[in-house]
Amino acid sequence: LLEVADILEKATQSVPKEEVKEDNPHLKNLYDGLVMTEMQIQKVFTKHGLIKLSPEGQKFDPYEHEALFHAPLEGKEPGTVAIVTKVGYKLHGRTLRPALVGVAKAPYGVRPRSADGVWSGHSSVWDVNEGYPVWDH
């Protein structure tokens, strides 16, 4: 059923909102039916303890997310989920399917800071191409 929910979500997201207007009643009715079906399946999932994971903007958690790629992105905190390509699900608190995500990382030449704002570790910069620290000598 997770695949059915994914298809319903993709179907509703693929319809441009400006196309769903009162002057096109057939498309509007079809779209509204898809949205209602998607909402109903999510209600049934929730009733049975299945929770949808859509972690955009959250800190990356390897127990709930699977990183497909890391990329330097302006305005995104390194280590946070920048893009969700496929939502995940938890069943009674356990990850059933991890969310497939893209994670933001620090741009080349920028040293990461710890949560308290202090430069972390050694004098290092992060290599964008490799994702490993490059130590200054």
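The sequence shown lines up with residues 393 to 529 when you count with the numbering used here.
Backbone N, C-alpha and C fix where the C-beta goes; we use that ideal spot for every residue, glycine too.
Jot down the residue ranges of each uninterrupted beta strand (DSSP E) in the segment 423-452, minimum 3 residues, whole runs only, in chain order.
-> If you keep only unbroken beta strand (DSSP E) runs of at least 3 residues inside the segment 423-452, you get 442-445.
Does the Cβ-Cβ distance between H457 and L483 come in under 9 Å?
-> Counting from one through the sequence shown, the residue named residue 457 turns up at place 65. Counting from one through the sequence shown, the residue named residue 483 turns up at place 91. No, the pair does not count as a contact, with Cβ atoms beyond the cut-off.
Look up L460 in the DSSP assignment and give the residues it is bridged to.
-> The count along the sequence shown starts at 1 and reaches residue 460 at position 68. Paired residues: none, contrary to the question.
When we look at the beta-carbon of F461 and count the other beta-carbons within 10 Å, is it buried (16 or more) or exposed?
-> As a working mapping, residue 461 is identified with position 69 in the sequence shown. Looking at its Cβ environment, which holds fewer than 16 other Cβ atoms inside 10 Å, F461 is exposed.
Could you tell me the distance, in whole angstroms, from the CA atom of E448 to the CA atom of S406?
-> For the purposes of this step, residue 448 is taken as residue 56 along the sequence shown, with counting starting at 1. For the purposes of this step, residue 406 is taken as residue 14 along the sequence shown, with counting starting at 1. Straight-line Cα distance between these residues: approximately 19 Å.
Quick one: is V473 buried, meaning 16 or more other Cβ sit within 10 Å of its Cβ, or exposed?
-> Your numbering for residue 473 matches position 81 in the sequence shown. Classification of V473: buried, given that the 10 Å Cβ count is 16 or more.
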